[in-house]
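In what follows, a structure is listed as structure tokens, so that the remarks can point back to it.
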Amino acid sequence: MTRRFPILVSVVMFATMAPAFSQTPVPAKKIDPLVGLLETLQTKADWS
Amino acid sequence: MSLNDLMKLIENYGVTMTLGSDITVLDEGGSGTQMLKLPRAQTTLGNGLQVILAQRGYTFLVKKSGLEVVQLETAAQQAKSQLDVSGPTQRLKSPLVSAVIVEKPLNEALAALSEDHDVTVIVAPQAGDAKSAFVSARLLNVPLDNALELLALQADLRVIRRGNAYFLTSPDQANQIRTEKLEHLRQQQSEVLNPPLPPAPPAPGEKGK
């Protein structure tokens, strides 16, 4: 029983922590403003 | 369309356009000012802007925060480029390129540049696998000649310009082409300096023979 105790604790800890990890927000990828500007320049414009 | 109208139109696309310090008189679009002609309907925002601004001798520089309208002379100075004054309207000898290329095969990067700037770019078969070598570059207002060279060098290729067309090939073939051209020029020069002698008149004694 004493040998299994650490395993049990790990299982319980994982079960309690896992939802918290899954809810951690993924840091948004930094968007290069220059890329956005260059993409806009490539769009077809309405010149009428 | 006046310059003010143009700035408003650009703002609709979420792009900030400012006037450079070299443009002192703001065109208000009054009756005395010449209206700017609009480009074709399907032109992209960037190319259309170039066409419109060129009518006033202006162009734009790409900055991190937006676009800056400047005189062509200023753009040429900043980009270490030259002005072409041979046509009816002055323009930059080599258009300015702004692009962010991240780990892209060379042939794809070249195709995008040639499409954006209406130029012909050909990669020689002698380039071999180098044409699909991955290249990266962050180009801001770089003359097209230099931009192509910077990309070509990443794949160990060389650029040869013929008119408004660019040919990318291996260093060996590029050297061979340059040597042949140099030989041809030398030959032409020597013909100009030493023109062939006219045929000698017949000697008096030979007349009637």
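Note that the protein sequences, when read in sequence, are chains A and B.
The first sequence begins at 1 in this note's numbering and counts up by one.
The second sequence begins at 49 in this note's numbering and counts up by one.
C-beta atoms are modelled at their ideal positions from N, C-alpha and C, and glycine is treated no differently.
Determine the closest residue to residue i out of the options, with distance taken between C-alpha atoms.
i: isoleucine 225 of chain B; options: B/Pro191, B/Pro243 and B/Arg206; result: B/Arg206
i: alanine 181 of chain B; options: B/Ala195, B/Leu241, B/Leu199 and B/Leu192; result: B/Leu199
i: tyrosine 106 of chain B; options: B/Pro243, B/Pro153, B/Thr137 and B/Ile208; result: B/Thr137
i: alanine 89 of chain B; options: A/Leu41, A/Met13, A/Trp47 and A/Leu38; result: A/Trp47
i: proline 269 of chain B; options: B/Gln237, B/Ala175, B/Pro252 and B/Lys56; result: Because chain B in this structure spans residues 49 to 257, residue 269 of chain B falls outside the shown range and cannot be described.
i: threonine 131 of chain B; options: B/Met65, B/Asn223, B/Glu151 and B/Ala102; result: Residue 131 of chain B is actually leucine in this sequence, not threonine. Checking every option, the nearest Cα to that of leucine 131 of chain B belongs to B/Ala102.
i: asparagine 155 of chain B; options: B/Gly114, B/Lys179 and B/Thr168; result: B/Lys179
Return no unless some Cβ of chain B is closer than 8 Å to the Cβ of residue i.
i: lysine 44 of chain A; result: yes
i: serine 48 of chain A; result: yes
i: threonine 50 of chain A; result: The first residue shown for chain A is 1 and the last is 48, placing residue 50 of chain A beyond what the model contains.
Near residue i, what residues of its chain come up, given a Cβ to Cβ distance below 6 Å and the 5 sequence neighbours on each side ignored?
i: valine 99 of chain B; result: Pro87
i: glutamine 221 of chain B; result: Gln174
Once you ignore the five residues that flank residue i on each side, which residues in its own chain have a CB closer than 7 Å to its CB?
i: threonine 122 of chain B; result: Gly68 and Asp70
i: glycine 96 of chain B; result: Pro87
i: isoleucine 149 of chain B; result: Ala157, Val183, Ser184 and Ala185
i: valine 110 of chain B; result: Ser146, Leu188 and Asn189
Return the CA-CA distance between residue i and residue j, expressed in angstroms with no decimal places.
i: isoleucine 170 of chain B; j: glutamate 231 of chain B; result: 24 Å
i: alanine 18 of chain A; j: valine 9 of chain A; result: 14 Å
i: arginine 139 of chain B; j: aspartate 166 of chain B; result: 15 Å
i: glutamine 202 of chain B; j: arginine 4 of chain A; result: 59 Å
i: threonine 40 of chain A; j: isoleucine 208 of chain B; result: 31 Å
i: leucine 241 of chain B; j: glutamine 125 of chain B; result: 38 Å
i: phenylalanine 14 of chain A; j: proline 6 of chain A; result: 12 Å
i: leucine 84 of chain B; j: leucine 51 of chain B; result: 8 Å
i: alanine 213 of chain B; j: leucine 196 of chain B; result: 11 Å
i: leucine 54 of chain B; j: tyrosine 61 of chain B; result: 11 Å
i: glutamine 177 of chain B; j: lysine 56 of chain B; result: Sequence inspection shows aspartate at residue 177 of chain B; the glutamine mentioned does not correspond to that position. Approximately 47 Å between the Cα atoms of the pair.
i: proline 153 of chain B; j: leucine 216 of chain B; result: 14 Å
i: threonine 227 of chain B; j: glutamine 237 of chain B; result: 15 Å
i: alanine 248 of chain B; j: leucine 233 of chain B; result: 29 Å
i: glutamate 239 of chain B; j: proline 252 of chain B; result: 31 Å
Of all the CB atoms in chain A, is at least one closer than 8 Å to the CB of residue i?
i: valine 63 of chain B; result: yes
i: lysine 56 of chain B; result: no
i: proline 136 of chain B; result: no
i: leucine 201 of chain B; result: no
i: valine 169 of chain B; result: no
i: glycine 94 of chain B; result: yes
Ignore the nearest five residues each way along the sequence and tell me which others in residue i's own chain have a CB closer than 8 Å to its CB.
i: lysine 128 of chain B; result: Pro191
Contact between the stretch 102–119 of chain B and the stretch 151–171 of chain B (3+ Cβ pairs under 8 Å): no
Between the stretch 133–153 of chain B and the stretch 179–197 of chain B, can you find at least three pairs of beta-carbon atoms closer than 8 Å? yes
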